[in-house]
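Everything in the sequence shown is counted per UniProt numbering, starting at 1 for the first residue and increasing by one.
The C-beta atom is built at its ideal place from N, Cα and C for all residues, glycine as well.
Computed from a predicted model, the values in this text were never measured in an experiment.
Structure first, then comments.
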Amino acid sequence: MAFAIPVLIGAPIGYFTWSLVCKHVDYQVAKLCYDDNIPSTQKDGSPLTMTQQLEYYPPRSMTMSMVGSVASCGVLGKTMFPAATRHRLFFAKAPPHANIRIETLKLGMELLVRSGIVFYGTAVGGAVTGRLAVASVGTKS
């Protein structure tokens, strides 16, 4: 139960925030790569959502998005978790006369931040790679 509940709660939250980051980055890169002739309002005058505006652009390459995500995950993982950091976070003993609760909180927060950088950086890398792959093919023809 101690493992199942965080996974059951965290997996959907992680997926939806990851896809939201990916969508926002994809939209910003698409605006940079293509003409800005996309309408911003619907026929009735209401503004278009970001998802509706993304439909005007060509879809990004899912294969290249996956390649970019895997590559950026490897690079960010090695950058954010070098050997000394892994040892300090997972295996090192607390300093003598330290409050173990405070030390655990500090290490937990650092682990959360470093993991978040890797997790969401992977989304950014995949979105940028997938969009640039489509944009570079579109400009050659």
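**With 16 other Cβ atoms within 10 Å as the buried cut-off, status of residue 74** = It counts as exposed.
- request: Measure the CB-CB distance between residue 151 and residue 10 and report whether it falls below 8 Å.
  value: Lying outside 1 to 141, the shown extent of the chain, residue 151 is not represented and no answer is given.
Inspect the CB distances between the region 125-139 and the region 54-69 and report whether three or more fall short of 8 Å. The region 125-139 and the region 54-69 touch, with no fewer than 3 CB-CB distances between them shorter than 8 Å.
(request) In angstroms with no decimal places, state the Cα-to-Cα distance between residue 64 and residue 49. (result) Each residue's alpha carbon lies about 25 Å from the other.
| task | Using the DSSP secondary-structure output, state which residues sit across from residue 47 in a beta bridge. | result | According to DSSP, residue 47 bridges with 41.
**OP:** Give me the Cβ distance between residue 135 and residue 22, rounded to the nearest whole Å; I'm assuming they're in contact under 8 Å.
**Re:** With a Cβ gap of about 16 Å, residue 135 and residue 22 do not count as contacting.
Can you tell me which of the three DSSP states residue 55 falls into? Residue state, collapsed to three classes: coil.
According to DSSP, simplified to helix, strand and coil, what is residue 119? Secondary structure of residue 119 (DSSP, three-state): helix.
Work out the CA separation of residue 89 and residue 13 for me, nearest whole Å.
C-alpha separation (whole angstroms): 24 Å.
inquiry  = Taking the alpha-carbon of residue 38 as reference, which of 25, 52 and 44 has the nearest alpha-carbon?
reply    = For the residues 25, 52 and 44, the minimum Cα distance to residue 38 belongs to 52.
For residue 84, name the three-state secondary structure that DSSP assigns. DSSP places residue 84 within a helical segment (H, G or I) once states are collapsed to three.
**Prompt:** What residue does the alpha helix (DSSP H) around residue 19 start on, and which one ends it?
**Reply:** For residue 19, the enclosing alpha helix (DSSP H) stretches over residues 4-33.
Leaving out the 5 sequence neighbours to the left and right, which residues in its chain are closer than 7 Å to residue 118 when beta-carbon positions are compared? Contacts found: 73, 76, 77 and 80.
Query raised in the report: If we ignore side chains and look at the alpha-carbon of each, how far apart do residue 140 and residue 107 end up?
Result: Bear in mind that a pLDDT of 49 at residue 140, under 50, signals an unreliable position, so the number given afterwards is only what the model happens to contain. Within the model, the alpha-carbon separation for residue 140 versus residue 107 is close to 49 Å.
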